[in-house]
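Down below is the structure, laid out as structure tokens.
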Amino acid sequence: MLAIEADALRRTYTSRTGWLKPRRTETEAVRGVTFEVAPGELFGLLGPNGAGKTTTIKMLNTLLLPTSGTARVFGHDVARDPVAVRRRIGYVFGGDRGLYDRLSALDNLRYFAELYGVEARDQKRRIAELLDLVGLVGREKESVEGYSRGMRQRLHIARGLLHRPDVLFLDEPSIGVDPVAARDLRRTVADLSAAGTTVLLTTHYMAEADELCGRIAVIAGGRICALGTPESLKSRVRGRDVLEIEAYGVDEERLDRVRRLPGVRGASVEDRGTLQVVTVQTGRSSAELHGPVLTALDGVRIGRVTSREPSLEDAYIAIVEEAAGGPDRSATPAEAEEPAV
Ligand SMILES: Nc1ncnc2c1ncn2[C@@H]1O[C@H](COP(=O)(O)OP(=O)(O)OP(=O)(O)O)[C@@H](O)[C@H]1O
Ligand SMILES: [Mg+2]
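Position 340 (the sequence shown) corresponds to 340 in full-length UniProt numbering; numbering is contiguous.
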């Protein structure tokens, strides 16, 4: 049985705007999202601000009803059987809300354990296990007021896991968390996944997604526009190496010469102090273009030349720009009707 099945999920928000002449405005936040997550998978949902990630998660965790479409968690329909769904899921939203500041971490967990119906004889052991899992042993008696953001996030995760959910939704868990705490958090998430919990994660940190996720769906404008392993997403831009050339005195004429070279998809120049950096997007291996590009820049002083493989971030940007109708055009949703899976 699948852990998560989303089938043609849609959600439209209706809100009133204006004061003198109130008007109803409709936002189509999610426009037909379909995907499946197998038990134990660590699945990433990436996308720009306002893409519909949180809305999708809220439909899956029963906080919002879908406008149309269906979703199931371990076979339970989110709209028809929300109680059964809630029993199997936990969720953590990034940010500061949802904990009692005056209480200690321990008392917070005791309170939520009670709320989530964790059996009294089970509570003590479960809380100890979770404090250990999220690395808060020794600090559990301090009030949460004095907790750093990273510690709060870890406590949030412990809270989300109290009732041993089979599926955990993590919506931007590492937002505002420093790099060291974020690394600890990633380890916690990886451990959970290794122990069999299904995780659905959203993040704006591409390196985090690359490291953690087995599969990723890129969502833009309420639609999935790419879905696959991090490697398969990167392979979409493979062969499009990026060439970076430090230079002094590059003018438009020379840059145009570079742009006209066969195999070059784009070139731009950026001032960095006294130095310029020319970035050339290539449509093939950059080694072949190395010579021709330098010839086109003839007469300019050249510094370091480096080429790099496209990262998940490069792939993500290409996918999102493509979904919006290319880097120079505004979004034309009608053209992206069918998700390219
Ligand atoms: N309660 C609401 N009422 C009206 N519109 C909303 C509401 N919540 C979200 N929206 C709109 O729905 C769209 C999708 O929002 P959503 O929060 O799902 O995006 P997101 O992908 O989670 O973005 P972010 O990366 O910024 O968290 C946006 O246009 C947003 O403005
Ligand atoms: Mg969001």
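A virtual CB, placed ideally from N, CA and C, is assigned to each residue, including glycine. For clarity, every value in this text was computed on a predicted model and none was experimentally measured.
- Within the region 50-122, the complete beta strand (DSSP E) segments of 3 residues or longer fall at 68-73 and 89-93, listed in chain order.
- Ala-324 carries a coil assignment under DSSP once its states are collapsed to helix, strand and coil.
- Checking the DSSP bridge columns, you'll see Ile-219 partnered with Ile-224.
- Between the region 88-99 and the region 160-167 there are three or more inter-stretch CB-CB distances shorter than 8 Å, so the stretches are counted as touching.
- Counted as a single uninterrupted DSSP element, the stretch harbouring Leu-192 is not any beta strand (DSSP E) but the alpha helix (DSSP H) occupying residues 179-194.
- For Thr-295, there is no enclosing beta strand (DSSP E); the enclosing alpha helix (DSSP H) covers residues 286-296.
- With respect to the C-alpha of Ser-148, the residue from Asp-166, Glu-172, Arg-11 and Val-180 having the closest C-alpha is Val-180.
- Under the three-state reduction of DSSP, Ala-3 is assigned to coil, being neither helix nor strand.
- For Gln-281, DSSP records a beta bridge to Val-242 and Gly-266.
- Around the CB of Tyr-316, 16 or more other CB atoms lie within 10 Å, so the residue is classed as buried.
- Per DSSP, reduced to three states, the secondary structure at Arg-236 is coil, with no helix or strand assignment.
- As a beta-bridge residue in DSSP terms, Arg-272 pairs with Leu-275.
- Of Arg-257, Leu-46, Thr-54 and Gly-32, the smallest CA-CA separation from Thr-67 is found for Gly-32.
- Cα atoms of Leu-106 and Ala-120: separation of roughly 15 Å, rounded to the nearest angstrom.
- Not one heavy atom of ligand 1 lies closer than 7 Å to the C-beta of Ala-84.
- The Cβ atoms of Val-237 and Ala-287 lie no closer than 8 Å to each other.
- Take the alpha-carbon of Leu-42 and the one of Gly-52: they are about 19 Å apart.
- Sorted by position in the chain, Tyr-13, Ser-15, Thr-27, Ala-29, Gly-47, Asn-49, Gly-50, Ala-51, Gly-52, Lys-53, Thr-54 and Thr-55 make up the residues whose C-beta lies under 6 Å from a heavy atom of ligand 1.
- Under the three-state reduction of DSSP, Glu-309 is assigned to coil, being neither helix nor strand.
- In the DSSP annotation of this structure, Ala-38 is not part of any alpha helix (DSSP H), being labelled neither H nor E.
- Taking C-alpha positions only, Val-218 is separated from Leu-212 by approximately 15 Å.
- Here the alpha carbon of Pro-292 sits roughly 11 Å from the alpha carbon of Arg-260.
- Shown here, Val-144 sits in a helix according to DSSP, grouped into three states.
- Thr-282 has its alpha-carbon roughly 35 Å from the corresponding atom of Val-37.
- Ranked by Cα distance from Glu-5, the options Gly-18, Thr-56 and Arg-24 are led by Thr-56.
- Beta-carbon to beta-carbon, Met-206 and Glu-313 are separated by about 4 Å, close enough to satisfy the 8 Å threshold.
- In this structure the region 266-286 lies against the region 231-247, because at least three pairs of beta carbons, one per stretch, are closer than 8 Å.
- For Asp-171, the distance from the CB to the nearest heavy atom of ligand 2 is below 7 Å.
- Remark: C-beta atoms of Thr-229 and Gly-214 approach each other more closely than 8 Å.
- CA-CA distance, Ser-143 to Arg-110, rounds to 13 Å.
- In the DSSP assignment, Ile-302 forms a beta bridge with Ala-247.
- Using a 10 angstroms sphere on the CB of Ser-193, the tally of other CB atoms reaches 16 or more, which defines it as buried.
- The residues Arg-154, Asp-184 and Thr-188, in chain order, have a CB closer than 8 Å to that of Gly-135 in the same chain once the five nearest residues on each side in sequence are set aside.
- Arg-11 sits buried, since 16 or more C-beta atoms from the chains shown fall within 10 Å of its C-beta.
- The beta carbon of Phe-74 sits closer than 7 Å to those of Met-1, Ala-3, Arg-88 and Asp-166, all from its chain and outside the five residues before and after it, given in chain order.
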